[in-house]
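Novice: Structure provided below as structure tokens; questions to follow.
2 protein chains.
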Amino acid sequence: MNLRDEQDVTKIRAAIRAGSFTGHTSGMAPGKLQCNLAILPAEYALDFLRFCQRNPKPCPVVGVSETGDPMLPTLGRDIDIRTDVPRYRVFRDGVLSEEVNDINDLWRDDLVTVALGCSFTFENALMRADIPVRHIEDGVNVPMFRSNIPLVPAGPFRGDMVVTMRPIPEDLVTQAHDISAKYPQAHGAPIATGDPSQLGIADLSKPDYGDPVQVRAGEVPVYWACGVTPQNVLLDAKLPLCITHSPGHMLISDVAEDAETPIYQQ
Amino acid sequence: MNLRDEQDVTKIRAAIRAGSFTGHTSGMAPGKLQCNLAILPAEYALDFLRFCQRNPKPCPVVGVSETGDPMLPTLGRDIDIRTDVPRYRVFRDGVLSEEVNDINDLWRDDLVTVALGCSFTFENALMRADIPVRHIEDGVNVPMFRSNIPLVPAGPFRGDMVVTMRPIPEDLVTQAHDISAKYPQAHGAPIATGDPSQLGIADLSKPDYGDPVQVRAGEVPVYWACGVTPQNVLLDAKLPLCITHSPGHMLISDVAEDAETPIYQQ
Chain A
170 MNLRDEQDVT
180 KIRAAIRAGS
190 FTGHTSGMAP
200 GKLQCNLAIL
210 PAEYALDFLR
220 FCQRNPKPCP
230 VVGVSETGDP
240 MLPTLGRDID
250 IRTDVPRYRV
260 FRDGVLSEEV
270 NDINDLWRDD
280 LVTVALGCSF
290 TFENALMRAD
300 IPVRHIEDGV
310 NVPMFRSNIP
320 LVPAGPFRGD
330 MVVTMRPIPE
340 DLVTQAHDIS
350 AKYPQAHGAP
360 IATGDPSQLG
370 IADLSKPDYG
380 DPVQVRAGEV
390 PVYWACGVTP
400 QNVLLDAKLP
410 LCITHSPGHM
420 LISDVAEDAE
430 TPIYQQ
Chain B
170 MNLRDEQDVT
180 KIRAAIRAGS
190 FTGHTSGMAP
200 GKLQCNLAIL
210 PAEYALDFLR
220 FCQRNPKPCP
230 VVGVSETGDP
240 MLPTLGRDID
250 IRTDVPRYRV
260 FRDGVLSEEV
270 NDINDLWRDD
280 LVTVALGCSF
290 TFENALMRAD
300 IPVRHIEDGV
310 NVPMFRSNIP
320 LVPAGPFRGD
330 MVVTMRPIPE
340 DLVTQAHDIS
350 AKYPQAHGAP
360 IATGDPSQLG
370 IADLSKPDYG
380 DPVQVRAGEV
390 PVYWACGVTP
400 QNVLLDAKLP
410 LCITHSPGHM
420 LISDVAEDAE
430 TPIYQQ
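Sequences listed follow chains A and B, in order.
Using our numbering, the first residue of the first sequence is number 170, and each one after it goes up by one.
Using our numbering, the first residue of the second sequence is number 170, and each one after it goes up by one.
What follows is the structure in structure tokens.
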């Protein structure tokens, strides 16, 4: 059986833990909350949680581990953050030092895992409502742009918001807004619609990250807060050590993506 | 002019800061988010934020101060937490030591303020939809009960959830659910409906806190997570110092109570 068609999250995470699956997780385990990750030393954790509270649209916190404990019981059964993500990025002093498939050798007693919601959740909901999601149709990564929207700082964490852009047919923009607004744990409602210059974006065909997609006649560019924001902010803070997932290689939780709260009932 | 009819939050907070208003804040500044408060030493703040993240219905975080900084810029203009709440309770080692109208003399460089959403927000929304709120009609405090619902622990913080009960006409229960669900920053949807024994409540006429209200024929008791929960949890943790608002004497913020995120744009 292709693991991409597997519905049992436990089996998917077991394959990831065993190292037999190291791909991206887009479209896997439909209905389950997938998470961005930030793993950082405890001395920075309070400031990082403050930063996320002050910037909830790019940084919706859905789980926080105990200090030094690699397990995430509030997000699912037997989730070990050292092994249960397909690919990780390790940053030292703000520079990418390695990309690995587990972090067993890097785990330390002072690390804290912060899990953040991701856009897969509202993209799934848009598609269920027959609202097209261009980059998924095209089989490419979502276009992402550094905006001029300042983040509310906390401690060493500051910067501007990164946004994603999805072209939406004009008559579906309100519906797309209302659907995504139902998922505050996955960036919520769009932060802007229309003219990219209002966000300081010069050219929609030249994203800062991801791939360009076409905005067709009758479509409006719609912008959402993006989970790359906290990753950039963490890098700019030049922490001695910081570990994230590799883009698209998410933690798949046992929590339903439409749950009122992201707390798994053991 | 009676301060209770004042619409300008700045004027209300100025009167509170000046010590000329020390009453409860129920019904004041309609449309503005009011907040429960927990002020605690920074060494406990990371665990307390973890606790709130794991128990978001009783503990919806809407603001976190810098360590040692009494200002709360993300909740409004010129909010000084030392003076801008009508009445405070000071707890030492888990015991109420004093009730005061400002905490200027108690402020320390290691204190962190955590502001939490409160039930006024969804009660206002229920009343706007002509759903009766019995304890407000009766002019008494909402009945609160210690439930048997265990909280997810974090560090020294643990215990059972405190719930409020409001009798709702049977044909309005679904609407009351859906309205309150729109306010995740104010306890969100009810946690239970009907038989109190499912929550370990022996007698609805004998609340643990607040005042009893009558459940009339055709009405159903509906239970919501309660902001007294984190206060009890803080007391049980027996922190050397912890300051809360006095019940009903809330911080009135500049944030709209129906804002998507509780972040004031300065």
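Glycine is no exception: its CB is placed at the ideal position from the N, C-alpha and C atoms.
Where does A/T243 sit, in a helix, a strand or coil, going by DSSP?
Specialist: Counted from its first residue, the first sequence places residue 243 of chain A at position 74. If DSSP states are grouped into helix, strand and coil, A/T243 belongs with coil.
Novice: Going by other Cβ atoms of all chains shown within 10 Å of its Cβ, with 16 needed for buried, is A/K226 buried or exposed?
Specialist: Locating residue 226 of chain A in the first sequence gives position 57, where the first residue counts as 1. The residue is buried, with at least 16 neighbouring Cβ atoms inside 10 Å.
Novice: Between the alpha carbons of A/E292 and A/A350, how many angstroms are there, rounded?
Specialist: For the purposes of this step, residue 292 of chain A is identified with residue 123 of the first sequence, where counting begins at 1. For the purposes of this step, residue 350 of chain A is identified with residue 181 of the first sequence, where counting begins at 1. Going from the Cα of A/E292 to the Cα of A/A350 covers about 12 Å.
Novice: Compute every distance between the C-beta of B/K201 and the non-hydrogen atoms of the ligand FMN, then say whether any falls below 7 Å.
Specialist: Although the ligand FMN was asked about, the structure shown includes no ligands whatsoever.
Novice: Which bits of chain B does A/A350 rub up against, with CB to CB less than 9 Å?
Specialist: In the first sequence, counting from the first residue as 1, residue 350 of chain A sits at position 181. Here the neighbours are E429.
Novice: Should the stretch 365 to 383 of chain A be called in touch with the stretch 311 to 327 of chain A, which here means at least 3 C-beta pairs below 8 Å?
Specialist: Judged by Cβ distances under 8 Å, the stretch 365 to 383 of chain A makes contact with the stretch 311 to 327 of chain A, as three or more pairs qualify.
Novice: For B/T282 and A/R297, what's the separation of their Cα atoms in angstroms?
Specialist: The residue given as residue 282 of chain B occupies position 113 in the second sequence. The residue given as residue 297 of chain A occupies position 128 in the first sequence. One C-alpha to the other measures close to 41 Å.
Novice: Since B/K201 sits in a beta bridge, which residues does DSSP pair it with?
Specialist: As a first step, residue 201 of chain B is located in the second sequence; it is residue number 32 there, counting from the start. DSSP lists B/A425 as partners of B/K201.
Novice: Starting from the Cα of A/A187, find the closest Cα among A/I272, A/S234, A/P229 and give me that residue.
Specialist: As a working mapping, residue 187 of chain A is identified with position 18 in the first sequence. Considering only alpha carbons, the answer is A/I272.
Novice: Within 10 angstroms of its Cβ, does A/T252 collect 16 or more other Cβ (buried), or is it exposed?
Specialist: Here residue 252 of chain A is taken as the residue at index 83 of the first sequence, counted from 1. Buried: at least 16 other Cβ atoms inside 10 Å.
Novice: Measure the Cβ-Cβ separation of B/V382 and B/P336 and say whether it is below 8 Å.
Specialist: Looking up residue 382 of chain B in the second sequence gives position 213. Looking up residue 336 of chain B in the second sequence gives position 167. Contact flag set, yes.
Novice: What residue range does the beta strand (DSSP E) around A/T333 cover?
Specialist: Against the first sequence, residue 333 of chain A aligns to sequence position 164. Looking at the DSSP string, the run of the beta strand (DSSP E) that includes A/T333 is 329 to 338.
Novice: Against B/K226, what residues of chain A qualify as contacts under a CB-to-CB distance less than 7 Å, listed in chain order?
Specialist: Here residue 226 of chain B corresponds to residue number 57 of the second sequence, with the count starting at 1. Those are T430, listed as they occur along chain A.
Novice: As a quick exercise: from A/F190, A/T333, A/D405, A/Q344, pick the residue whose alpha carbon is nearest that of A/S374.
Specialist: One-based indexing of the first sequence puts residue 374 of chain A at position 205. Closest option to A/S374, Cα to Cα, is A/T333.
Novice: Could you check if A/G308 is buried or exposed, using at least 16 other CB atoms within 10 Å of its CB as the buried criterion?
Specialist: Looking up residue 308 of chain A in the first sequence gives position 139. Under this definition A/G308 is an exposed residue.
Novice: When you compare only the Cα positions, how much space is there between A/P242 and A/Q434?
Specialist: Within the first sequence, the letter at position 73 stands for residue 242 of chain A. Within the first sequence, the letter at position 265 stands for residue 434 of chain A. Near 9 Å, if we compare the C-alpha coordinates of A/Q434 and A/P242.
Novice: Distance, Cα to Cα, A/E235 vs A/D278?
Specialist: If you number the first sequence from 1, residue 235 of chain A lands on position 66. If you number the first sequence from 1, residue 278 of chain A lands on position 109. Going by the C-alpha atoms only, they are around 10 Å apart.
Novice: Within the same chain, show all residues whose beta-carbon is closer than 7 Å to that of B/G357, passing over the 5 residues directly before and after it, in chain order.
Specialist: The residue given as residue 357 of chain B occupies position 188 in the second sequence. Excluding sequence neighbours, B/G357 sits near K226, S349, A350.
Novice: So, is B/E426 buried or exposed, given that buried needs 16 or more other C-beta atoms within 10 angstroms?
Specialist: For the purposes of this step, residue 426 of chain B is identified with residue 257 of the second sequence, where counting begins at 1. Answer is buried; the Cβ neighbour count reaches 16.
Novice: Measure the alpha-carbon distance for B/C287 versus A/D274 and round it to whole angstroms.
Specialist: In the second sequence, residue 287 of chain B corresponds to position 118, counting from 1. In the first sequence, residue 274 of chain A corresponds to position 105, counting from 1. B/C287 and A/D274: Cα-Cα distance of roughly 44 Å.
Novice: With a cut-off of 8 Å, do at least 3 Cβ pairs link the stretch 201 to 219 of chain B to the stretch 402 to 414 of chain B?
Specialist: Yes, they touch.
Novice: Out of B/L285, B/K407, B/E306, B/I360, which has the shortest C-alpha to C-alpha gap to B/D141?
Specialist: Coverage of chain B is limited to positions 170 through 435, which leaves residue 141 of chain B absent and any answer about it impossible.
Novice: Do the stretch 387 to 403 of chain B and the stretch 177 to 184 of chain B meet, that is, are 3 or more Cβ pairs less than 8 Å apart?
Specialist: Touching, no, given that fewer than three Cβ pairs across the two stretches are closer than 8 Å.
Novice: Determine, for B/V402, whether the minimum Cβ-Cβ distance to residues of chain A falls below 8 Å.
Specialist: Position 233 of the second sequence, counted from the start, is the residue given in the question as residue 402 of chain B. Chain A, which has no Cβ nearer than 8 Å to the Cβ of B/V402, makes this no.
Novice: Go through its chain and collect everything with a Cβ distance to B/L341's Cβ below 7 Å, but skip five positions before and after it.
Specialist: Here residue 341 of chain B is taken as the residue at index 172 of the second sequence, counted from 1. I300.
Novice: Going by the DSSP bridge assignment, what does B/L265 pair with across the sheet?
Specialist: As a first step, residue 265 of chain B must be located in the second sequence, where it is residue number 96. B/L265 pairs with B/F260.
Novice: I'd like to know whether the C-beta of B/G357 is nearer than 8 Å to at least one C-beta of chain A.
Specialist: For this step, residue 357 of chain B is matched to residue 188 along the second sequence. With 8 Å as the cut-off, B/G357 counts as an interface residue toward chain A.
Novice: Answer yes or no: do B/I421 and B/V178 have a C-beta to C-beta separation smaller than 8 Å?
Specialist: As a working note, residue 421 of chain B is residue 252 in the second sequence. As a working note, residue 178 of chain B is residue 9 in the second sequence. Yes; because the gap between Cβ atoms is below 8 Å, this pair is in contact.
Novice: Anything in the stretch 209 to 222 of chain A with a Cβ closer than 8 Å to a Cβ of chain B? List those residues in chain order, please.
Specialist: Cβ contacts with chain B come from A211, A214, L215, L218, R219, Q222.
Novice: In the DSSP assignment, find the alpha helix (DSSP H) that holds B/N293 and state where it starts and stops.
Specialist: As a working note, residue 293 of chain B is residue 124 in the second sequence. From DSSP, the alpha helix (DSSP H) with B/N293 extends over 289 to 297.
Novice: Which one of A/D174, A/G200, A/C204, A/L202 has the shortest CA to CA distance from A/F190?
Specialist: Within the first sequence, numbered from 1, the residue matching residue 190 of chain A stands at position 21. Taking only the C-alpha atoms, the option nearest A/F190 is A/D174.
Novice: Hey, out of B/F326, B/V391, B/P365, B/E306, whose CA is closest to B/D347's CA?
Specialist: Counted from its first residue, the second sequence places residue 347 of chain B at position 178. Among B/F326, B/V391, B/P365, B/E306, the Cα nearest to that of B/D347 is on B/V391.
Novice: Interface residues of chain A around B/Q269 at Cβ under 9 Å?
Specialist: The sequence position of residue 269 of chain B within the second sequence is 100, counting from 1. The residue asked about is misnamed: residue 269 of chain B is Val in this sequence, not Gln. Within 9 Å Cβ-Cβ: nothing; B/V269 doesn't reach chain A, min ~27 Å.
Novice: What number of angstroms, rounded off, separates the C-alpha of B/L295 from the C-alpha of B/L404?
Specialist: If you number the second sequence from 1, residue 295 of chain B lands on position 126. If you number the second sequence from 1, residue 404 of chain B lands on position 235. About 31 Å.
Novice: Which partner residues does A/D249 have in the DSSP bridge list?
Specialist: To locate residue 249 of chain A, count along the first sequence from 1; it is residue 80. In the DSSP output, where bridge partners are listed per residue, A/D249 has A/M240.
Novice: Please name the residue or residues paired with A/T413 in a DSSP beta bridge.
Specialist: Taking the first residue of the first sequence as 1, we reach residue 413 of chain A at position 244. In DSSP, A/T413 forms a bridge with A/A207, A/R258.
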